[in-house]
């Protein structure tokens with residue numbers, strides 16, 4: 043009988059929000075996306091910070107309008123709308139940050155081997171990064187209450 047030791051669980055990391063947006067739990071992201079220990083805490087932290095910057099940048103005008111309406115925090119915007127007891131907009135913000143961070147990690151952790159098998163894995167990861175970006179865009183559009191599809195007439 044042989045036993046394989048599981049790698050140690052990385053320390054919990056929480057990135058503080060700015061007071062209006064909530065704190066972000068990196069450990070919950072690691073668990074939800076089943077990220078292995080190949081993604082170091084430093085890499086995860088950097089990707090999450092980048093995700094927060096992206097999401098908050100896209101929501102700048104929307105946030106300003108909510109603050110004018112009197113919202114002191116994201117949780118104050120439509121607090122009655124919940125999913126499984128959790129504030130809907132907070133869940134969408136967390137999802138958007140998580141997907142942007144996951145896309146960055148998928149893009150930067152490609153298999154660099156030159157074999158066909160390695161290239162196939164890299165191609166799959168590239169597709170995954172695109173899917174993460176799509177999911178982030180959907181979460182942001184849900185926050186903004188805008189359609190997920192943009193169509194222009196020619």
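Residue numbers (this note's numbering): 43 to 196.
C-beta: ideal position from N, C-alpha, C; glycine also.
Straight across, the Cα-Cα distance linking residue 118 with residue 132 is about 10 Å.
Apart from sequence neighbours up to five positions away, the residues of its chain that approach residue 104 with a beta-carbon distance below 6 Å are 186, ordered along the chain. Residue range 102-110 is occupied by the alpha helix (DSSP H) that includes residue 104. It is roughly 31 Å from the alpha-carbon of residue 102 to the alpha-carbon of residue 76.
Secondary structure at residue 84: helix, using DSSP grouped into helix, strand and coil. By the Cβ-count criterion, residue 134 is buried, with 16 or more other Cβ atoms from all chains shown falling within 10 Å of its own Cβ. With respect to the 8 Å criterion, residue 85 and residue 57 are not classified as neighbours on the basis of their beta carbons.
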